[in-house]
Amino acid sequence: MHVHQIRADVLIRKLADRLKNELPKPEWVDYVKAGVYAERPPEQEDFWWIRAAAIMRKLYLHGAIGVSRLRKMYGKRKKRGVKPEHKYPAGGKLIRNILQGLERLGYVRKVQKGRELTGKGRALLDSLAKEYGSG
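Numbering-wise (my numbering), the sequence shown opens with residue 553 and increments by one.
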């Protein structure tokens with residue numbers, strides 16, 4: 553079974569569990585919001601690893617992506633009261649730090665268009681998809 557065929561939530565959860573042992577979570581993550589649209593920091597205990605797993609999946613599906621495009625992908629609408637809705641990008645430091653951590657682990661590398669998965673990163677996602685493919 554391929555990454556395209558497995559349910560995203562199943563793959564991301566399993567990959568996040570794997571990354572918990574490898575990718576250290578910075579101390580400041582518990583205190584920052586995910587973007588200007590958010591009112592409070594994320595309440596999930598494993599938010600850092602879930603976001604890292606979701607970014608790895610996006611890199612697998614879309615190829616090379618930069619921080620700016622990822623900010624746009626993870627952006628949301630801000631509550632503005634009676635004013636018209638407006639979409640805001642996600643916080644860049646959070647995404648940048650995740651990508652740098654994944655680079656140190658050897659799952660991601662820098663290219664001209666941003667960052668892309670290495671063979672090691674693709675192999676990890678493929679093995680998880682094969683292992684949990686029945687979803």
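Note that beta-carbon positions come from the ideal geometry of N, C-alpha and C, so glycine has one too.
All figures in this text were calculated on a predicted structure; none of them were measured in a lab.
Point to revise | Proximal residues to residue 582 (C-beta, below 7 Å), its chain only, five neighbours per side dropped | key: 593
Exercise for review: Using only alpha-carbon positions, find the residue among 680, 633, 576 that is nearest to residue 589.
Suggested key: 633
**Study point:** Through-space distance from residue 650 to residue 599, alpha-carbon basis
**Key:** 11 Å
Check your understanding: From 646, 578, 615, 558, pick the residue whose C-alpha is nearest to that of residue 662; which is it?
Key -> 615
Check your understanding: From 646, 667, 587, 685, pick the residue whose C-alpha is nearest to that of residue 631; which is it?
Key -> 587
Review point. Under a three-way DSSP split, which group does residue 642 fall into?
Key: strand
Exercise for review: Please say whether residue 677 and residue 608 have beta carbons closer to each other than 8 Å?
Suggested key: Cβ atoms of residue 608 and residue 677: closer than 8 Å.
Exercise for review: Work out the CA separation of residue 617 and residue 653 for me, nearest whole Å.
Suggested key: 16 Å
Exercise for review: Compute the distance between the beta-carbons of residue 558 and residue 684, then report whether it is under 8 Å.
Suggested key: yes
Check your understanding: If we count the other Cβ atoms within 10 Å of its Cβ and call it buried at 16 or more, is residue 675 buried or exposed?
Key -> exposed
Check your understanding: Using a Cβ-Cβ cut-off of 7 Å (strictly less than) and excluding sequence neighbours within five positions of residue 642, which residues of its own chain qualify?
Key -> Exclusion of the five residues before and after residue 642 leaves 586, 587, 623, 626, 627 as the residues of its chain whose Cβ lies within less than 7 Å of its Cβ.
Check your understanding: Which runs of the alpha helix (DSSP H) spanning at least 4 residues fall entirely within the stretch 582-625, listed in chain order?
Key -> Qualifying alpha helix (DSSP H) stretches, in chain order: 599-614, 619-625.
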